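Trainee:
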RNA sequence: GGGGUAGUAGUUCAGCUGGUUAGAACGCCGGCCUGUCAAGCCGGAGGUCGCGGGUUCGAGUCCCGUCUAUCCCGCCA
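Residue numbers (our numbering): 626 to 1209.
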């Protein structure tokens, strides 16, 4: 094959009169009898080809979209009125001298120019065709740029990239594991890693200070638009550090990525919110700070009202939103249903106009109380207040979701603005009602605050951890902590979680053992690369930044996996399949 | 595990309170056309209405079940 001289996106006026040879796909053809226009496309761009001799026109009539061709010809300038400003090569066109058809394409089952013009189901089945779409290609190129910047930055900071095993051991904590049966060890299973957590801590014990890895992780849980069963982490760990050291390094990394990938300058240090404050003000531990709506405690006002339902509630919370005229009965009713679907009894509301509250539940608040509320809560005319009364857990959580929903309805944010925030001072444990035991908020290796080392054992619910999450625009982008490096404390933490000594020994024995051989103080963080790229690309779906994503039920529609395997394969593994009664 | 939305031509959709031959656009096939750039014009082919059952004289439309995708809750860092 003769080699190509240029790609389809690089010819400009500088190349006029040059003889060139291009390779690519036919993006579109426009036949005008004695002249045919062909747009030839590759991942770099599109170039317009002219066919204007009888023999070329004969050949050109047989061409159709997505055929693969090579074209040799001469670059000519377009006259000013014919310039196409939408493409980089719009000032020139190539007059063909020879066209070779390298492969004829069958008609495509979908449009590659307009992704919206196909169902997701269809697009995933023909993902290799959807990946011809420039928007999707640009997302993958952006992803590549991101990992390059990360690698460069971390290398310059003396981090070393080390791979960890993918076939590893199932642990009882955290998410459900993906399991891989062993043929050699009949009846035993590997687990795919949920994260390389213990391996990276072991690297610190080995003295391989400053480890990082861009690594696939696996969790067998139900999916969301920002969750895939296999996803990629930027995982890193450092020795001889405390929270500030890790956070400082991570801020520099994030600022570098946003600058070099998106040309966005981020101010460091990033703002910090304690977990408690985030929950109180935003009803979530991943607040979107691009809009200023905040939750306010309304109990002290509702207690003075005549509204019994509120007076009997443990907690009453309120958000105050401008644009009251937007909230018709219908919209409010939608929000109410949403609140109820999230577990609230209902969503109360009242509008503030002409310096009085009207409609909704306003009649339960007398004039005097109304003016106190307006001035204390800084409510302006043309506002609407939404309130939820329930346990403080539910009222905050649900109002936090209403806050996001309302901001979404009113378009209160800009996707090109990025607001990072650290969430710190997480509780070390939360109480697992179902299993009647304490469970780690992050994972069992997170160190308690120095002053809480004793509390962690005596009053676990009160201990605060050395964990930190970084949240950008309401997405949790990274989470990490300073780890426990004291063997005895690690053992006690496992015991606090109600694991038996036997369990601890069989699941984590090797790790507890390792801790006693001179473990340095250490800590680190793991980024969700997919979510990070999703933000950088300005999309709101993780599938748009992954080449071959899975569906919400964790299947791959293209190759139709997961799927059954042969009886021979099962026999090798010593596995029999129990029939699911419901499905037979 | 639970809730919402969707499934009709190759693709995206329309199809009203059930009614006779299920439409449109794009794509495909054939023809015309020298300046288009998602070209235009003329003609043509193309359908088991996701699947299974039910109600009815009659079902794309109503009912029940089921499958798939998607969004959300639970779950998950």
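The C-beta atom is built at its ideal place from N, Cα and C for all residues, glycine as well.
Remember, predicted model here, so these are calculated numbers, not experimental data.
Identify whether residue 642 lies in helix, strand or coil by the three-state DSSP scheme.
Mentor: coil
Trainee: Under 7 Å: does the beta carbon of residue 851 sit that close to some heavy atom of the ligand HEM?
Mentor: This structure does not include the ligand HEM; it has no bound ligands of any sort.
Trainee: Quick check on the DSSP output: the beta strand (DSSP E) that includes residue 1122 runs from which residue to which?
Mentor: Premise fails: residue 1122 is in no beta strand (DSSP E) and is neither H nor E.
Trainee: Buried or exposed, going by whether 16 or more other CB atoms sit within 10 Å of the CB of residue 1154?
Mentor: buried
Trainee: Which residues bound the alpha helix (DSSP H) around residue 881?
Mentor: Counting along the chain, the unbroken alpha helix (DSSP H) around residue 881 starts and ends at 868 to 887.
Trainee: Could you compute how far the alpha carbon of residue 863 sits from the alpha carbon of residue 1146?
Mentor: 9 Å
Trainee: Please classify residue 865 as buried or exposed, where buried requires at least 16 other C-beta atoms within 10 Å of its C-beta.
Mentor: exposed
Trainee: Which class does residue 1167 belong to by DSSP, given the choice of helix, strand or coil?
Mentor: Residue 1167: helix per DSSP, three-state reduction.
Trainee: Would you mind listing the beta strand (DSSP E) stretches within the segment 631 to 693 that are 3+ residues and don't spill past its ends, in chain order?
Mentor: Inside the segment 631 to 693, DSSP marks whole beta strand (DSSP E) runs of 3 or more residues at positions 644 to 656, 661 to 667 and 670 to 676, from first to last along the chain.
Trainee: On the CB-based measure, 16 or more other CB atoms within 10 Å of its CB, does residue 1162 come out buried or exposed?
Mentor: buried
Trainee: Quick check: the Cα distance between residue 1198 and residue 841, rounded to an integer number of angstroms?
Mentor: 25 Å
Trainee: Excluding the 5 residues flanking residue 875 on each side, which residues of the same chain have their C-beta closer than 6 Å to its C-beta?
Mentor: 1150
Trainee: Put residue 1189 into one of helix, strand or coil per three-state DSSP.
Mentor: Looking at residue 1189 - three-state DSSP - the assignment turns out to be coil, as it is neither helix nor strand.
Trainee: Judging by CA-CA distance, which residue of 917, 938, 825 and 919 is the nearest neighbour of residue 927?
Mentor: 938
Trainee: At a cut of 8 Å, does the segment 1020 to 1028 reach the segment 934 to 951 through at least three beta carbon pairs?
Mentor: yes
Trainee: Check each candidate in 772, 734 and 738 and name the one with the smallest Cα separation from residue 746.
Mentor: 734
Trainee: Taking only the alpha-carbon atoms, compute the straight-line gap between residue 856 and residue 1016 and give it to the nearest angstrom.
Mentor: 35 Å
Trainee: Once DSSP output is grouped into helix, strand and coil, what is the label at residue 1207?
Mentor: Bear in mind that the predicted position of residue 1207 carries a pLDDT of just 41, short of 50, making it unreliable; the figure below should be weighed with that in mind. Residue 1207: coil per DSSP, three-state reduction.
Trainee: Excluding sequence positions up to five away, which residues of its chain have a Cβ less than 8 Å from the Cβ of residue 920?
Mentor: In chain order, 905, 906, 907, 908, 942, 943, 944, 1021, 1024, 1025 and 1028 place their CB closer than 8 Å to the CB of residue 920, counting only its own chain and leaving out the 5 sequence neighbours on each side.
Trainee: Could you give the distance in angstroms between the alpha-carbon of residue 911 and the alpha-carbon of residue 1196?
Mentor: Taking the straight line joining both Cα atoms gives about 47 Å.
Trainee: Among 1008, 694 and 1185, which has the Cα closest to the Cα of residue 983?
Mentor: 1008
Trainee: For residue 747, which three-state DSSP category applies?
Mentor: helix
Trainee: Measuring alpha carbon to alpha carbon, tell me which of 966, 989, 1202 and 960 ends up nearest residue 935.
Mentor: 989
Trainee: Relative to the C-alpha of residue 797, which residue among 1176, 1144 and 1123 is closest?
Mentor: 1123
Trainee: Assuming residue 824 is part of the alpha helix (DSSP H), what are its boundary residues?
Mentor: 822 to 831
Trainee: What residue range is occupied by the uninterrupted beta strand (DSSP E) comprising residue 1063?
Mentor: 1062 to 1065
Trainee: Judging by CA-CA distance, which residue of 704, 650, 687 and 629 is the nearest neighbour of residue 641?
Mentor: 704
Trainee: When you compare the CB positions of residue 1083 and residue 1066, do they come within less than 8 Å of one another, or not?
Mentor: No, these two residues do not count as a Cβ contact at 8 Å.
Trainee: Name the DSSP bridge partner or partners of residue 698?
Mentor: 645 and 721
Trainee: If you follow the beta strand (DSSP E) that residue 924 is in, where does it begin and where does it stop?
Mentor: It is not in any beta strand (DSSP E) - residue 924 instead sits in the alpha helix (DSSP H) that spans 924 to 927.
Trainee: If residue 853 and residue 1167 are in contact, beta carbons under 8 Å, what's the gap, nearest whole angstrom?
Mentor: 6 Å
Trainee: What residues in its chain sit with their C-beta under 6 Å from that of residue 780, if we drop five residues either side in the sequence?
Mentor: none
Trainee: Check the C-beta distance from residue 1068 over to residue 822 and give it rounded, since I have them as a contact under 8 Å.
Mentor: 6 Å
Trainee: Tell me whether residue 811 sits in a helix, a strand or coil according to DSSP, three-state version.
Mentor: Assigned with DSSP and collapsed to three states, residue 811 falls in coil, not helix or strand.
Trainee: For the beta strand (DSSP E) containing residue 1105, name the first residue and the last one.
Mentor: 1100 to 1107
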